[in-house]
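Encoded as structure tokens, the structure appears first; notes follow it.
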Amino acid sequence: MLVRPRLMPQTMGVDSASAAKTSWVVQMLGAREVALGLGTLAALRACDGRAARTWIAAGVLSDAMDVVAVGAAVATGRLSKAVGGAVVLTALGATLAGLKALRSGETDV
Numbered sequence: 744m745l746v747r748p749r750l751m752p753q754t755m756g757v758d759s760a761s762a763a764k765t766s767w768v769v770q771m772l773g774a775r776e777v778a779l780g781l782g783t784l785a786a787l788r789a790c791d792g793r794a795a796r797t798w799i800a801a802g803v804l805s806d807a808m809d810v811v812a813v814g815a816a817v818a819t820g821r822l823s824k825a826v827g828g829a830v831v832l833t834a835l836g837a838t839l840a841g842l843k844a845l846r847s848g849e850t851d852v
């Protein structure tokens, strides 16, 4: 997403010109993912369970909103069911994994 921002939209069926024009949005989303991951990692390495839970909760919220946004794109016909379904399942899996970590106390360090 950061290095090849045109790849994701093109994989999702966006034409090359539109993918080029919106590549900055994909880079922004990639930066968000990196920040959430690094924040979580730093909190866990510092043995700060409260901060880790906060970072993981932020990731859960982010992934859940991805499910909603992509689901809406599929429902309105802006994204194919096949591609949208794959993205939704991936984001839903990440959401559920984060929720499991929060509920099970896996973030306690």
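Each residue of the sequence shown is one higher than the last, beginning at 744 in this note's numbering. Idealized CB from N, CA, C, for every residue including glycine. Being a predicted model, the structure only gives us computed values, none of them experimental.
Straight-line Cα distance separating residue j from residue i
i      : j      : result
LYS824 : VAL817 : 6 Å
ALA795 : ALA840 : 14 Å
GLN753 : ALA774 : 19 Å
CYS790 : LEU784 : 10 Å
LEU845 : LEU804 : 12 Å
VAL757 : VAL777 : 24 Å
ARG788 : GLU849 : 14 Å
ALA760 : VAL826 : 19 Å
Contacting residues, own chain, Cβ-Cβ under 6 Å from residue i (five flanking each side not counted)
i      : result
ALA786 : ALA794, ALA795, TRP798
ASP806 : ALA834, ALA837, THR838
GLY814 : VAL831
Contacting residues, own chain, Cβ-Cβ under 8 Å from residue i (five flanking each side not counted)
i      : result
ALA801 : LEU779, GLY782
Cβ-heavy atom distance, residue i to the ligand FMN, below 7 Å
i      : result
LEU781 : For the structure depicted, the ligand FMN is absent and the ligand set is empty, with no information on it obtainable.
Nonlocal neighbours in the same chain, by C-beta distance under 7 Å from residue i, ignoring five residues either side
i      : result
SER766 : PRO748, ARG749
ALA763 : ARG749
LEU842 : VAL803
Spatially closest choice to residue i from the options, by CA coordinates
i      : options                        : result
VAL769 : MET751, THR819, ARG821, LEU842 : MET751
SER847 : GLU776, THR819, VAL826, GLY792 : GLY792
MET755 : MET744, LEU822, MET771         : LEU822
LEU772 : THR819, SER761, ARG788, MET744 : MET744
Terminal residues of the alpha helix (DSSP H) in which residue i lies
i      : result
ASP758 : Looking at the DSSP string, ASP758 is not in any alpha helix (DSSP H), and its letter there is neither H nor E.
LEU784 : 766–788
Practice prompt. Give a yes or no on contact between the region 825–836 and the region 791–811, applying the rule of three or more CB pairs nearer than 8 Å.
Written response: Contact between the region 825–836 and the region 791–811 is established, with three or more Cβ pairs separated by less than 8 Å.
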